[in-house]
Amino acid sequence: DLQKRGCHNIDAVTPTPQTPLIMEALLLAREQGLKIPFIYNCSGYESPGIIKMLDKMVDIYLPDFKYGIAEDGAEFSGVSDYPRYALDSLKEMVRQVGDKLEIEDGLAKRGVIVRHLVLPGKLENSKEVFRLIKKEISTAVTISLMSQYTPIDKVRNHPLLGRRITAEEYQQVLDYALELGFENLFIQEVSNNALTPDFASDKPFG
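Residues in the sequence shown are numbered from 367 upward in steps of one, following this note's numbering.
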């Protein structure tokens with residue numbers, strides 16, 4: 367039905383807990399004529415075994431790669447082995463769909479887009495993400511370098527996470543990625559807080 371309505375793709379967001387059910391539904395949908403790309407939109411902290419189950423089923427992988435430094439993953443997300451799982455899963459994704467993003471008529475059809483959010487004061491973490499991907503996979507991988515980190519009320523007083531990133535921080539990471547040879551990059555302007563609701567307020571939306 368979505369395909370008939372003109373949808374460009376089917377995007378499964380945070381799908382890991384429901385992967386077996388999604389696979390079953392996807393097989394049925396393809397038997398009934400589904401041809402548009404299926405996107406697996408995940409956190410990057412995935413079991414490579416789960417990703418292997420999806421071979422020949424996923425057209426586009428859209429994982430995060432949040433931490434290149436394990437200690438940062440432990441401190442900010444409570445997982446000490448984030449880089450290992452993210453890297454091993456990404457390797458499997460690239461094995462399945464390739465390291466180059468295939469685009470037709472301005473629309474992604476097949477490949478991997480890795481998202482990385484630059485954190486304030488954590489430029490080495492971002493640089494390590496790029497170093498790992500270059501060393502273990504390829505600089506041909508498409509990276510979406512994101513700038514929109516927004517401190518929520520709970521971390522407003524955190525010495526690092528209590529602020530947004532600066533344009534200079536974002537540019538440093540971008541320049542480093544280019545120096546390493548990454549060319550397939552989606553980049554953003556550094557946002558300000560003008561359009562961010564104040565969630566500490568009783569009426570954050572006015």
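We treat Cβ as the ideally placed atom computed from N, Cα and C, and that holds for glycine.
- Rounded to whole angstroms, the Cβ separation of residue 542 and residue 556 is 16 Å, and the two are not in contact under 8 Å.
- Residue pairing by DSSP puts residue 512 in a beta bridge opposite 483.
- Between residue 421 and residue 475, the gap from beta carbon to beta carbon reaches 8 Å or more.
- A contact between stretches requires three or more CB pairs, one per stretch, nearer than 8 Å, and the stretch 482–498 meets this requirement with the stretch 508–521.
- In this structure, the CA atom of residue 404 is about 15 Å from the CA atom of residue 398.
- Looking at the backbone, the Cα of residue 529 and that of residue 442 are separated by about 15 Å.
- Contact annotation: residue 463 and residue 477 have beta-carbon atoms nearer than 8 Å.
- Spanning the alpha carbons of residue 553 and residue 370 requires a straight line of approximately 32 Å.
- With respect to the 8 Å criterion, residue 411 and residue 448 are classified as neighbours on the basis of their beta carbons.
- DSSP, read as helix, strand or coil, puts residue 425 in coil.
- For residue 503 against residue 460, the beta-carbon gap comes to about 6 Å, under 8 Å, which counts as contact.
- Around residue 468, the same chain offers 474, 475, 476, 477 as residues with beta carbons nearer than 8 Å, after the five sequence neighbours per side are excluded.
- Linking residue 402 to residue 440 through their CA atoms gives a straight-line distance of about 38 Å.
- Rounded to the nearest angstrom, the gap between the Cα atoms of residue 491 and residue 367 is 43 Å.
- Residue 520 carries a helical assignment under DSSP once its states are collapsed to helix, strand and coil.
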